[in-house]
Structure formats: C-alpha cells, structure tokens
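Numbering-wise, our numbering puts 618 at position 53 of the sequence shown, and it's gapless, one number per residue. From the three backbone atoms N, C-alpha and C, an ideal C-beta is built for every residue, glycine too. Only one structure is covered here, and it is reproduced in the block below.
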Amino acid sequence: MNNTRIFKTSFASVYPLYIQKAEKKGRTKKEVDTIICWLTGYNLQTLQEQIDKENSFETFFQEAPQINPKASQIKGVICGYRIEEIEDKLMQKIRYLDKLIDELAKGRAMDKILRE
C-alpha cells in the first residue's frame, strides 16, 4: 500500500467528499461531523480549525486530541484491505474514518456506527 500520497492529502479536500457521500444517501453533514469528532476527539470548533488550516491527513491525525478507544472495534474490508490487519497506524486511522462514513452512507444507525 503506497501511503505517502494520502498522508500528504489535505483533510479539507476530502471532507466535502465525505459529506457529499453521506448526503447522497439521505444522511447529514451533522452526522458526518459527529462521526469525525467521535473518532478523533475534536469538537466542532477544533474540527473546523483543522479544515481551515488545510492540514494533511498526517497532521490531522497527529493533532487529534484522542482516538476513540472503541475505534479498535471497527472491523471489515475497505479498499480491499482488512482494517484490523493494517499495520501502519496512520493508514489504519484513515481507513477507520472511511469505514465509518461508508457505514453512515449505507444507512447504519448512528449508535451502531459509534459502537455504543
């Protein structure tokens, strides 16, 4: 897996795509924000600051207050890779986020997405 390109990609450039994917399936920006904040520990204000700074995914996750301890419960396949088997921790976090957005777009209930 060649990771350098996604690591350097700005989170702000992908964020609207997450929202677009969710909204196409009848979900909301608020739900996307809830998922991102749940995973990373950002609040809405600090999330917006990350977007405004146009930080890379690498910086976005490095500066995240705290990855949710329940993130390890996120399992499955994304982009042909089993999430729980991804060795690179940064790539695993990026794929956690991808998987959560996929679950949202597929209509999964928020309490299940947030592993409650």
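Contact between the stretch 580–595 and the stretch 640–647 is absent: fewer than three C-beta pairs spanning the two stretches fall below 8 Å. Counting along the chain, no alpha helix (DSSP H) covers Cys644, and no H or E run does either.
By the criterion of a C-beta distance shorter than 6 Å, Arg680 is surrounded in its chain by Lys635 and Gln638, once the five residues flanking it on both sides are discounted.
At a Cβ-Cβ threshold of 8 Å, Glu619 and Ala577 count as neighbours. By the neighbour-count criterion, in which a residue is buried when 16 or more other Cβ atoms sit within 10 angstroms of its Cβ, Arg660 is buried. Of the other Cβ atoms in all chains shown, 16 or more fall within 10 Å of the Cβ of Thr605; this residue is therefore buried. DSSP places Ser575 outside any alpha helix (DSSP H), giving it a letter other than H or E.
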